[in-house]
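Read the structure below first, then the notes.
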Amino acid sequence: MAKGVASLCCYVLLLAFVVDAVHQQRIHNKPMAVAPADSKAMYSEYLFEGDIMTPYLKQGNNALKSSMGSFFGNALQNRQARWENGTVVKEVIGAAMKDYEAYTCITFKEKENQDTDYVEIISGEGCASSVGKIGGNQTLILGTGCVFKGIVMHELMHTLGFYHEQSRTDRDAYVTINLNNVKPGTENNFDSYGIDLIDALNTTYDYNSLMHYSSTAFSKNGEATIVPKQTGMKIGNRKGLSSTDAEKINKYYECPDTYPAPSEVVL
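Read in order, the letters of the sequence shown are residues -24 to -1, 1 to 243 in mature numbering (1 follows the signal peptide of the UniProt record, and there is no 0).
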């Protein structure tokens, strides 16, 4: 089978998956509705930080941190992991992608035969993505419980080069981690990282970030594992980009200052 034909075949199958998944959401919810605040789909015990795919998984988190060095952080220090010209080659366009194009210089286009670096959105177990461009065909998995606009946007922000907000160096000034409530064996998902590994892009800590864990992430008893230190603040936004999320993407990709800020997310 010619390469072009194979690519077309895969595209049709992937499109069918997404259409079917969204159809199922119409039956049980509203199409692309907001994900439940306590959704566990993004918190796999078998993936790094719950939803990140990495070649170092089998070596453990210490090997991952050692191997990635300055590549590791809320935003990848390595600018070579950015997508060229802020364009992500993808095989399925979801409604979630429209917000990125509205508030940042990121654009998405259909995969063409000559494209060798692209994102393939597939069905699978859980929700997962690699962080940044890794080269070649990289997958973004949307399984049961993942076909919500905010979750798709969360995984796409990993694809664009961002880790979770609570991994930031300064997070202990903003949240308290209750390890007593965390499932045994998942404690390392709550690690934070030093200034030699993190690039916060000169932004303030963002409780509203699309990339922040929810308050009960990896909870063993339903009690809070992360508590904001600022009274009245909520975490776990799965509605859309915060203004700071958009700001970070635009800084990371060196976008022109011509994009409107998204409306502030109300949790």
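Backbone N, C-alpha and C define an ideal beta-carbon position, used for all residues, glycine too.
Computed from a prediction, not measured in an experiment: that's the story for all the values here.
If you check the beta carbons only, do residue i and residue j fall under 7 angstroms apart?
i: D135; j: A222; result: For the record, residue 135 in the displayed sequence is Thr; it is not Asp. No.
i: residue 244; j: D182; result: Because the chain spans -24 through 243 in this model, residue 244 falls outside it and cannot be assessed.
i: N157; j: T115; result: no
i: I117; j: G137; result: no
i: A78; j: K125; result: no
i: S191; j: I211; result: yes
i: T234; j: T179; result: no
i: M129; j: M187; result: no
i: D205; j: Y150; result: Checking the displayed sequence, the identity of residue 205 turns out to be Lys instead of Asp. It is a contact, given that the beta carbons lie within the stated cut-off.
i: V107; j: T152; result: no
Between which two residues does the alpha helix (DSSP H) containing residue i stretch?
i: Y139; result: No alpha helix (DSSP H) holds Y139; DSSP gives it neither H nor E.
i: K85; result: K85 -> not in any alpha helix (DSSP H); beta strand (DSSP E) instead, spanning 83 to 86.
i: D75; result: 73 to 79
Which one or two residues does DSSP pair with residue i in a beta bridge?
i: N113; result: Y94
i: C231; result: The partner list for C231 (beta bridge, DSSP) is empty, contrary to what the question assumes.
i: K118; result: Per the sequence shown, residue 118 should be read as Leu rather than Lys. DSSP output for L118 lists C103 as bridge partner(s).
i: I202; result: I153
i: S195; result: V158
In three-state terms, what does DSSP make of residue i?
i: V128; result: helix
i: V153; result: According to the sequence provided, residue 153 is Ile. The question's Val does not apply to it. In the structure shown, I153 sits in a strand (DSSP, three-state: E or B).
i: E223; result: helix
i: N164; result: helix
i: R147; result: helix
i: A(-4); result: Low confidence applies here, because A(-4) scores a pLDDT of 38, under 50, leaving its location unreliable; read the following figure in that light. A(-4): helix per DSSP, three-state reduction.
i: M209; result: coil
i: H188; result: coil
Just to confirm my understanding: we take residue i, look at its own chain, exclude 5 residues before and 5 after, and list those with CB closer than 7 angstroms. What are they?
i: S239; result: none
i: V241; result: N184, N213, K215, G216, S218
i: R144; result: N50, S168, I174, A176, Y181
i: residue 244; result: Not covered by the structure: residue 244. The range shown for the chain is -24 to 243.
i: G111; result: D93
Output needed for residue i: all residues of its chain with C-beta closer than 6 angstroms, excluding positions within five of it in sequence on either side, in chain order.
i: K159; result: F194, K196
i: M73; result: F84
i: Y76; result: I82
i: E131; result: C103, S105, L116
Please list, in chain order, all residues of the same chain as residue i whose beta carbon is under 8 angstroms from its beta carbon, the five residues on each side excluded.
i: E163; result: L155
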